[in-house]
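Oh and the sequence shown: position 162 is 162 in UniProt numbering, straight run, nothing missing. Notes to accompany the following structure.
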Amino acid sequence: MSKLTKNRKEAKAKVDATKAYSLEEASVLVKEISNVKFDPSIDVAVRLGVDPRKANQMVRGVVTLPHGTGKDVKVLALVTPDKEEEAKAAGADYVGLDEYLQKIKGGWTDVDVIVTMPSVMGKLGPLGRVLGPRGLMPNPKTGTVTMDVAKAVADVKGGKIDFKVDKTGIIHAAIGKASFDAEKIAGNAKELFTTIMKLKPTTSKGIYVKSVFMSSTMSPSIQIDTKSVV
Numbered sequence: 001m002s003k004l005t006k007n008r009k010e011a012k013a014k015v016d017a018t019k020a021y022s023l024e025e026a027s028v029l030v031k032e033i034s035n036v037k038f039d040p041s042i043d044v045a046v047r048l049g050v051d052p053r054k055a056n057q058m059v060r061g062v063v064t065l066p067h068g069t070g071k072d073v074k075v076l077a078l079v080t081p082d083k084e085e086e087a088k089a090a091g092a093d094y095v096g097l098d099e100y101l102q103k104i105k106g107g108w109t110d111v112d113v114i115v116t117m118p119s120v121m122g123k124l125g126p127l128g129r130v131l132g133p134r135g136l137m138p139n140p141k142t143g144t145v146t147m148d149v150a151k152a153v154a155d156v157k158g159g160k161i162d163f164k165v166d167k168t169g170i171i172h173a174a175i176g177k178a179s180f181d182a183e184k185i186a187g188n189a190k191e192l193f194t195t196i197m198k199l200k201p202t203t204s205k206g207i208y209v210k211s212v213f214m215s216s217t218m219s220p221s222i223q224i225d226t227k228s229v230v
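And the structure:
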């Protein structure tokens with residue numbers, strides 16, 4: 001069994017594992033226990049009372065965090081020549097088509113989000129084995145397949161994230177950085193929770209939000225009182 005580091009012990013000592021904190025309390029505490037040498041991400045895990053194996057209980061959506069993610073998101077715009085300038089002006093890091101399709105075919109995936117056009121999706125199909133496992137395949141439901149390429153790029157750069165319940169019924173999402181003010185962490189979390197609540201499947205019975213935990217990279221988890229987020 002690996003030994004806890006001094007910092008880890010100090011962080012665990014500050015978290016009462018038997019308590020469910022309010023969102024505001026958790027947003028303050030997560031900053032206090034984020035004692036690493038870099039600016040860690042703040043993550044939330046929301047366990048839902050759904051069965052992801054059933055198509056009518058799949059919870060998936062997008063949300064624009066009001067205070068951004070704090071992360072420099074690298075965006076690839078796979079577009080036709082007439083859309084290239086539009087994508088570049090919106091802030092896309094990489095813009096092009098065939099040359100990037102070849103790079104991806106060779107295993108290159110050094111981006112966070114891919115934005116493309118409906119007419120290009122046919123060319124991306126064969127690359128599903130590369131992009132799918134990395135969560136990079138564009139999808140109309142997340143707004144990354146659109147003719148309004150500029151808006152899609154700007155949204156992603158401005159703090160738009162997509163989320164999906166995993167096979168265990170949990171949504172994992174990064175909502176900011178430990179350097180954020182506690183109010184901004186709470187504000188981003190509230191926006192995510194509000195969106196998740198709006199997506200409750202009509203076929204979902206019983207308790208919808210079963211548990212919520214917040215943590216930062218390498219920190220202990222903080223349980224959040226579900227009553228403070230729903």
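Beta carbons: idealized from backbone N, C-alpha and C, even for Gly.
Using a Cβ-Cβ cutoff of less than 8 angstroms, which residues in the same chain neighbour residue i once the five nearest sequence positions on both sides are dropped?
i: V230; result: F193, M197, Y208, V209
i: D93; result: K74, V75, L76, V111
Are there 16 or more other CB atoms within 10 angstroms of the CB of residue i, so buried, or fewer, so exposed?
i: residue 300; result: The structure shown does not extend to residue 300, since the chain is modelled only from 1 through 230, so no value can be given for it.
i: D98; result: exposed
i: G206; result: exposed
i: G128; result: exposed
i: G135; result: exposed
i: S119; result: exposed
i: D82; result: exposed
i: F38; result: exposed
Residue i lies in the beta strand (DSSP E); which residues open and close that run?
i: K160; result: 160-164
i: S211; result: 209-216
i: K141; result: K141 -> no beta strand (DSSP E), and no H or E assigned at all.
i: K177; result: 170-177
Beta-carbon separation of residue i and residue j under 8 angstroms?
i: I42; j: S228; result: no
i: residue 232; j: V212; result: There is no way to answer for residue 232, as the model of the chain reaches only from 1 to 230.
i: T203; j: N7; result: no
i: D162; j: T142; result: yes
i: V130; j: P138; result: no
i: L48; j: I171; result: yes
Locate the alpha helix (DSSP H) running through residue i, then write down its first and last residues.
i: T194; result: 182-198
i: I104; result: 98-105
i: R60; result: Careful: R60 lies outside any alpha helix (DSSP H), inside the beta strand (DSSP E) at 60-64.
i: V46; result: Element bounds for V46: not the alpha helix (DSSP H) but the beta strand (DSSP E), 41-48.
i: G125; result: No alpha helix (DSSP H) contains G125, which DSSP labels as neither H nor E.
i: A26; result: 23-32
i: A17; result: It is not in any alpha helix (DSSP H) - A17 carries neither H nor E in the DSSP assignment.
i: A152; result: 149-157
Take residue i and list the residues in its own chain whose beta-carbon comes closer than 7 angstroms to its own, dropping the five residues that flank it on each side.
i: M1; result: At M1 the pLDDT is 43, less than 50, meaning the model places this residue with poor confidence; the figure from the coordinates comes in the next sentence. Around M1: no qualifying Cβ.
i: residue 263; result: Nothing can be reported for residue 263, as the shown portion of the chain is limited to 1 through 230.
i: D225; result: A20, Y21, S22
i: E191; result: V63, L65, P66
Skipping 5 residues on each side, what residues in its chain have a beta carbon closer than 6 angstroms to that of residue i?
i: G159; result: T64, L65, G68, T69
i: A150; result: E86, A90
i: R60; result: K164
i: I33; result: A11, K14, S219
Inter-stretch contact at 8 angstroms, needing at least 3 Cβ pairs: the region 107-121 / the region 76-90: Contact between the region 107-121 and the region 76-90 is present, because at least three Cβ pairs lie under 8 angstroms.
Three or more C-beta pairs below 8 angstroms linking the region 166-186 and the region 35-55: Taking a cut-off of 8 angstroms for Cβ pairs, the region 166-186 and the region 35-55 touch, as three or more such pairs fall below it.
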